[in-house]
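In mature numbering (1 follows the signal peptide of the UniProt record, and there is no 0), the protein residues as written are -21 to -1, 1 to 220.
See below:
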């Protein structure tokens, strides 16, 4: 009797081990996302208010991955608007393997205080996940596309073919702290646009985190008297879902 029980227990353990391993290695399919909110307000000799919002939604399946992202910034100083920008991005990836994929990406921005009133890009290309472990996640993308833009000063419209490159890196410094770096470049005959986002996030719990961010945006070709580079420093509360 005892030998039968031992045999059954061993068989159950043998069958359950692969199932447990499959559950641990199972990819995260379905929806995920996060939202960010930051607010700075002062009063007295100077009345200032700054609000920035960001949303990101990701849907992941066996062969497809879809990403939607939007952000908005509004700043006022003594009642005068000093910054106002809206960004939207969408991307669809088709997975060729566990690490490589092809993509189509759309990006739109409207900025009342930049060299360009608005810019729209549509690109297609190839991406690869170079690192994917508990410490580092690193991916790169390259592609070609088309851009339309409207100059702030003159209202003149431009359009050109572009090359697009992206580096996206996450470094898990500790179980509760991660460093993120996202570098985007869109280069054409009329202008080269560069955006770099650096962030340091500390988790409060499984849902909430505090994040410090520093963003640099640069346009190489602008009208006289217009700055080529804009920066944004932010402190946000992040909610993950």
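Beta carbons are placed, not taken as given, at the ideal position from N, Cα and C, and that holds for glycine.
For the 7 angstroms CB-CB criterion, residue 99 and residue 127 form a contact. Annotation: residue 20 to residue 114 spans about 37 angstroms, alpha carbon to alpha carbon.
Taking all protein chains shown into account, residue 184 has fewer than 16 neighbouring C-beta atoms within 10 Å of its C-beta and is therefore exposed. Looking at the DSSP output, residue 161 sits in a beta bridge with 147, 176.
Under DSSP, residue 107 shares a beta bridge with 79, 119. Residue 131 sits in coil when the DSSP states are folded into three classes, being neither helix nor strand. Looking from the CA of residue 216, the closest CA among 182, 207, 196 belongs to 182. By the neighbour-count criterion, in which a residue is buried when 16 or more other Cβ atoms sit within 10 angstroms of its Cβ, residue 95 is buried. Beta-bridge analysis with DSSP links residue 217 to 15, 188.
Under DSSP, residue 99 shares a beta bridge with 87, 127. Note on residue 26: under 16 other CB atoms within 10 angstroms of its CB, so exposed under the neighbour-count rule. Taken atom to atom, the span from the alpha-carbon of residue 174 to that of residue 50 is near 14 angstroms. Between residue 147 and residue 169 a beta carbon distance of about 26 angstroms is seen, past the 8 angstroms cut, so the two are scored as non-contacting.
Assigned with DSSP and collapsed to three states, residue 9 falls in strand.
As computed with DSSP, residue 61 is found in no beta bridge at all.
In this chain, the beta strand (DSSP E) harbouring residue 36 covers 27 to 39. For residue 167, the three-state secondary structure derived from DSSP is strand. Residue 80 sits buried, since 16 or more C-beta atoms from the chains shown fall within 10 Å of its C-beta. When secondary structure is reduced to three states using DSSP, residue 199 falls in the coil class, being assigned neither helix nor strand.
A direct Cα-Cα distance of roughly 32 angstroms separates residue 213 from residue 43.
In the structure shown, the three-state DSSP call for residue 181 is strand. Residue 190 and residue 15 do touch by the CB rule: their CB atoms are close to 7 angstroms apart, below 8 angstroms. A residue is called buried when at least 16 other Cβ atoms come within 10 angstroms of its Cβ; residue 88 meets this threshold and is buried. Counting only the Cα atoms, residue 33 lies some 10 angstroms from residue 218.
If you ignore the 5 residues before and after residue 156, its C-beta comes within less than 6 angstroms of the C-beta of 181, all in its own chain and listed in chain order. Contact between residue 73 and residue 39 does not hold, since their C-beta atoms are separated by about 12 angstroms, which reaches or exceeds 8 angstroms.
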